[in-house]
Every structure is written in C-alpha cells, then in structure tokens.
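Residue numbers (the UniProt record's numbering): 1 to 738.
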C-alpha cells in the first residue's frame, strides 16, 4: 500500500521536503478517494503504521535539547516532552487528523476509537504474561491518539462516549500499567512513558469535564492508578522476595493486600515497578491532581494521604543548595499565590476558581501561558495534550480545538453507509446493494442514455437525449438528499448521445450521436470529430481501447468495424464483420482488457469475436434469440452479454457453450456492469440484480423504491472501488445509490 511506503517509519529521518510531499500526497488521496475508500484503505493503514512508530527501545527515549537532564518540573502536566516515537509519528497523526477534518467527528468516534480499544484490549491468555514489543508500542500509540481525539471532540460527544473511554481505553491501559505480573519488553523505560502519557490523558479529560463529572465517570480509573502506590508500599513493607519454595513451578505467590484482595505478584517485576512509581513520580502526579480534583480527591482516591506523604518525602529529598524551592512551582505564575508545601502541594486561593494556576472559563479550565515552566524534569513532564508533535506548542497543549467544518462532512445517509462500509471485511469480494440514496444529479432535459465513471472515480460522464454530455463531480456532499450541479456541459452534438467513455491513455472523452466527438474534459474543447463516410450508414456502436492504446473502435450499420487513432488523422483499420451473412445491425461492442480482441453483438443475437492485431474473425456464433443489448469483456477471456430475450449469458471466448445463463422473469436486462466476479443488472421495471459469474450460480434481485429512484431506469454504471451505483432515468435525473 502506498501509504505504508511514503510514511513508513525508518531509523533515519527522511528529508523534510520528501516527508512534506508524502504527507501532502496522502491528504490529497484522502479527499480524492472519498470517505469510504479513504477510511478503509488509507486510515486503516495509517492506524497500523502508528503502532510501528513506537516499536523498540530507541523510539521510547525522551528527546533532550542538551547533554544533561534538566531539573524536575514538579507536577507539570501541561507542557509535553515528547519521546522519539512522538516525533516519528507526527506525520502519521497529521494525516489521520486531516481525514477527520475532511469527513467530520464520526471518523474519530466510529473508526479511531474502536481501533484504540482493539490496541489496548487484554490478550486472550488468562495467566501471567509478558507483553511483546508490538503490544507495548500499541499501548503507547493508543494513548497518544486518544489525546488527539479528546482535544477535537465537542463537549456533547465527549460526554456521550466518556463511559466508553473509561471502560474500553483507560481501564485496560491501567491494567497493563499497574499490573504486578505483566512485564514490559523495554522494561521501566516503556512503562514510565506509558505512565506519563496516561496521566496526561486523564488530566486532559479532567480539565475538559470538570470535577463533578470526574467523580461520576472517572473515579475508577483515577483510583486504580493511585492504588499502585499503596500496593508497592505494602510489598516493600512485606519485603517480598523471589523464593520458589512452597509453590509449584510457574506459579506466582499470592499476596493479601490491605483492601482484603488477594493478588498474584511476580517478584521479578518489583524492581521494574519501583523504578517507575518512585517518590518523584508520586510528587509529579499528586500535586496537579490534588488541584484538579480539589476536595473530591478524598472521595475518589482512598490512598491520597499515602501518595501525598510520598510526594512530601520527595520534596524533602531535593537539596536546597542545588535547587531553589521557589522554582519548584510547576504551574504557578510568577505573580501568583505563594507555594505552600505543608498544605498538600496546592497554591493558595487565586481568587478565580481554586484550581492550580488556571482560570475557570465556564466549565473549562484555561491554563495561562505564563504558568508553564521553562524546564522539564528528568522524568519528563507528562507528555503534552497534543502528544504527536504536530503544529505549534500552543496547539499541542490546547484543551479543546474545534474540528473545522468541511463540505464533505458525513451526515444522514452518507454517515449510515460509511458506518456500514468500515465494518465490512476487506476480504469481502461481494457487491452488497442496500438501496441507500447518497446523491442526486439533475440537469438533463431528456432521458439519460449512458453513464460512465472516469477511471479515478471522482467524476463521471453522462449522455442524454437532450444532445448534451455532462461531467459531474463524485465527491460526497450533504446527507443524501443533496443535488449536485455538473462541472462541465458539452453541447456540440446534433443528435441524441448514446455512448460516452474515456480514452484513459490521453485522458480524452469520446462521445457519439452517430458521429464520434473527441474532446478535452478539462476545457470542453472539441479535439476531433469523426463523421460516418456515408450519412446513410451511421455509426451504431462505439468502444474505446484500454490504455496504453489510444484508438477508438466504431461499428457502422453496414457491419463494418473501423479503428481510429485519436493522435493521427484518417482511419487506422477497417474490417468487415458480416462474412457474407446478414446478422443485422451492430448493437454493442466490447474490447478485451488487453486490447487484443473485440466482440460485436448484432440485432439478430449473433456475436462475432475479432482479433484486433490481425483483423481475423476468431469466432462467430448465435448467442441469443433476440437483440444484443450490451456486452462486457473481462479478464480471463470472459464475455458477458445481455439480450432482449431476457437472458444474461457468460461465455469463454473460444468455447462453444456458455458457462452461465441467467433468465430475467419479467423484463430484459438492458443494462449491467461488472464487479469482480459478479454482474450487477438493471431492468426497465427498476429492478437491480446481482448475479455471480462463478460456481455455484446465484442471483439476487432488489426493486428500487420510488423514494430513492423515480422514473424508469435507462442506464447503469458501477464504481468498483467505492462500491456505488450510478443510475440514469428517463426523466433526466441520475442517482448515486449504495
């Protein structure tokens, strides 16, 4: 996948210009592909790539600006100090957020958050385990991405999903972080980074929702985190040692704690845990949380006094000669209240809200800029709210940012369809038609005779009885009821347009009303017109050659097949198809994907297969009992034809008998398109069918409702990458359905 190539994290950083170009390309692709394809193929790979950014001990080292560790910034949870993985993941997070900006908040809540839950979910093993490096990196990536998500969620959405965040993200992360039996591959370093990132995340949520909501929704995560200090304190008092006597091999000792709970403990992990949950960590955490939570800290954290005592011990251990106590204030402005170490580590009342170096604005706590200290500590301050190294420091440390409104934001039917699509397995090769209306394209004053998406699927062409060809954009817009205007109207035809297609190699449009017009889709300028040699022998069918060919295949009413190269004047080839027979008019043409053969279908039901390199007729056979209505050629020398005899038949080019034969009960299949090994069919009774081209044969039919489609179905085209259907009607309106 291109996303993995251009943004794949490597030991050495790419050139800034190359990285900028790669990010720009991914952003451009995300907008061009639309919400479903961007989420299924771009966002999914970016999410997988995010974990890779934190794999290995090197990616889990704090970045420092100087050779020696700066002094401790006690309790600072507002200024981040990134690890190397945060810097590497910056471009990935930037692209993920750009997709959320394009398609709205549902991307954060319906795609990113479930993936985060998957990353932090406990393994299936019930016994003691050791994380692998991928799971360890996944935990770091999950917390980093959650910090980004929280910042961009609206207040209403945050409160709606807060229980999910608590139970599906915070508690699973804390179960690994505070586990007495699960070790980290990178040891104390990885656990320390996860610790400071998790604290930053919890503090961010506390700042967003306020004390009352913290007590209601976050009591369990906060208490779980603080409880590890009590557990380690008790283990130190019990002096638990690695003594295999008295227990079987592979069994861990069971320790009864003061809360009455008996828990297994791996003595080999005690050293790792004690390196993480030190006096310094207790002080770094206790000061800000005691101020964020205020008096409710006594209600939701039973062991707050113990953690406070540990924080006090650390404060006493700091040498006054090497550190000015005044500089220990983590977030207090220089003109703010005096620091009171005996009062639990909180400043005196600042006259605003009683919060630590902050001002209460509505239900949000605003952190003053001058409350941020200049130097982070050796532990590193808790990684900032941004967590990904994107944008300026002020943006990274913001508590809340508005997600910019986009014209392509998902809502209504688009949102419902997108939610379904991102849950479909990428291995699912079937076309599922749910009859969800996504967009309407009114404008033609006559029946729509043909529709053809461009190869990029971001635009499509339509030809009509009103003698115009229109170029339409296919970007999602609105809630499913929106109407889209054409980007360009080609008005040079004199008769009803019955064919329109794209010459992929030169990027030209080919349309036919009895004469072939080749024109530029960007300017609408006619590049070439091919008139029939005799006005009494008009062109009846047209097909374009696949890339890299630049030829157009035209059949006239005298059963003559002509090839025209759009780069050269005159005819390229001319072949007679009748062969002495009178098969009637050529109704349909199809060129094989390789361009080596072309098949013509006649009004008598006869079909002729021609080698385009030699002009030799490879085969001619009576395929149907009525007019050939449409033919498609696919890989593997397979032909699919429909006829007025109500049949849809699948052929091998050089085999006499058809491989599959479907019969429509009521109406002929006058239009169809292919999706992999399936044919999507349409009839004049507004029925959409899906037929399998493989064994065993199967067929499913859906009647279009009048609410989603009005008029009579005249043409159909499928967008294979986006899995949408374009349906043209006799009233001139085209609908996009899924």
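Built from N, CA and C at the ideal position, the CB exists for glycine as well.
For residue i, count the other beta carbons within 10 Å of its own beta carbon; 16 or more makes it buried, fewer makes it exposed. Which is it?
i	result
residue 429	exposed
residue 652	exposed
residue 522	exposed
residue 641	buried
residue 132	exposed
residue 173	buried
residue 28	exposed
residue 418	buried
residue 266	buried
residue 198	buried
residue 434	exposed
residue 123	exposed
residue 135	buried
residue 104	buried
residue 43	buried
Does any C-beta atom of chain C lie closer than 7 Å to the C-beta of residue i?
i	result
residue 417	Going by chain labels, chain C is absent from the structure shown, which holds only one protein chain.
Let me check understanding here. Comparing Cα to Cα, which of the options lies closest to residue i?
i	options	result
residue 142	48, 131, 230, 158	48
residue 647	665, 632, 636	665
residue 704	695, 535, 684	684
residue 643	676, 612, 604, 617	604
residue 194	277, 269, 475	277
residue 488	457, 107, 611, 525	525
residue 714	532, 450, 37, 562	450
residue 507	547, 533, 535	547
residue 492	203, 510, 202, 42	510
residue 498	140, 541, 208, 476	541
residue 637	572, 672, 592, 659	592
residue 693	687, 422, 681	681
residue 529	424, 21, 566	566
residue 437	411, 607, 516, 227	411
residue 114	624, 104, 422, 213	422
residue 399	551, 155, 496	155
residue 679	645, 667, 630, 657	630
residue 223	236, 208, 238, 202	202
residue 494	527, 520, 531, 477	531
residue 424	33, 26, 111	111
Excluding five sequence neighbours on each side, which residues of the same chain lie with their C-beta closer than 6 Å to the C-beta of residue i?
i	result
residue 453	460, 717, 719
residue 632	590, 640, 674
residue 610	598, 617
residue 561	555, 575, 577
residue 168	117
residue 342	A caution first: residue 342 carries a pLDDT of 35, below 50, which makes its placement in the model unreliable, though a value can still be read off. Excluding sequence neighbours, residue 342 sits near nothing in its chain.
Report all residues from its chain with a CB closer than 7 Å to the CB of residue i; omit the five preceding and five following residues, and keep chain order.
i	result
residue 486	443, 470, 471, 472
residue 282	229, 307, 310, 311, 314
residue 215	296, 299, 300
residue 549	505, 595
residue 56	133
residue 635	593
residue 84	58, 59, 61, 63
State yes or no: is the C-beta of residue i within less than 7 Å of the C-beta of residue j?
i	j	result
residue 166	residue 217	yes
residue 518	residue 463	no
residue 116	residue 146	yes
residue 466	residue 480	no
residue 108	residue 149	yes
residue 37	residue 484	no
residue 587	residue 601	yes
residue 697	residue 724	no
residue 138	residue 119	yes
residue 687	residue 671	no
residue 608	residue 620	yes
Measuring only from the beta carbon, is residue i closer than 6 Å to any heavy atom that is part of the ligand ADP?
i	result
residue 702	Among the components modelled here there is no ligand, and therefore nothing to report on the ligand ADP.
Enumerate in chain order the residues of its own chain whose CB-to-CB distance from residue i is below 8 Å, with the five nearest sequence positions on each side excluded.
i	result
residue 272	183, 184, 187, 188, 191
residue 710	729, 731, 733
residue 254	262, 263, 264, 265
residue 571	562, 563, 564
residue 257	230, 231, 234, 263
residue 527	508, 518, 519, 520, 566
residue 440	481, 482, 483, 484, 733, 734, 735, 736
### Runs of beta strand (DSSP E) lying entirely within the segment 645-687, each at least 3 residues, in chain order
647-652, 660-663, 669-675, 678-683
### Query
Considering only residues of the segment 393-466, which uninterrupted beta strand (DSSP E) runs meet the minimum length of 3 residues and lie entirely inside it, listed in chain order?
437-441, 448-453, 459-464
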